[in-house]
Amino acid sequence: MKSALENGTCQSNFTQSGTVTLENGAYSEEAAPGSAAQTRISLTDHIASGVSSEGRPITAVVLVSDPGGSGTFYTLHVMEPQDGLVNTASILLCK
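Sequential numbering of the sequence shown, starting at 979, is according to the working numbering.
Below is the structure:
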């Protein structure tokens, strides 16, 4: 399961495309076209699995995002198996 998460695709408000596909648990891109600053996103060790109210297996993961500015942001993502893992919901967490 962790391998699938480390290479999964999630929604992201911090990337130009609105999604991020991790490679070995990490992702980076230019913060803006031509910028030296990088947006970096990575999978944390905060992973939990369970069953939804509909009886479907779900996994919750936390990603940490550094969009190249002055802050670091944590987002919670719900992943469900639908022809691979699909990010069905996400929310920004407060520190």
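Ideal Cβ positions, reconstructed from N, Cα and C, are used throughout, including at glycine.
- Pairwise C-beta distances place the stretch 1026–1040 out of contact with the stretch 1005–1016, as fewer than three of them are shorter than 8 Å.
- Taking all protein chains in view, the Cβ of T1037 is crowded by 16 or more other Cβ atoms within 10 Å, so the residue is classified as buried.
- The criterion of a C-beta distance shorter than 7 Å is not satisfied by Q989 and S1043.
- The Cβ atoms of G996 and E984 do not sit closer than 7 Å to each other.
- Around the beta carbon of T1053, 16 or more other beta carbons lie within 10 angstroms, which makes this residue buried.
- Per the coordinates, the alpha-carbon of D1023 lies some 10 Å from the alpha-carbon of K980.
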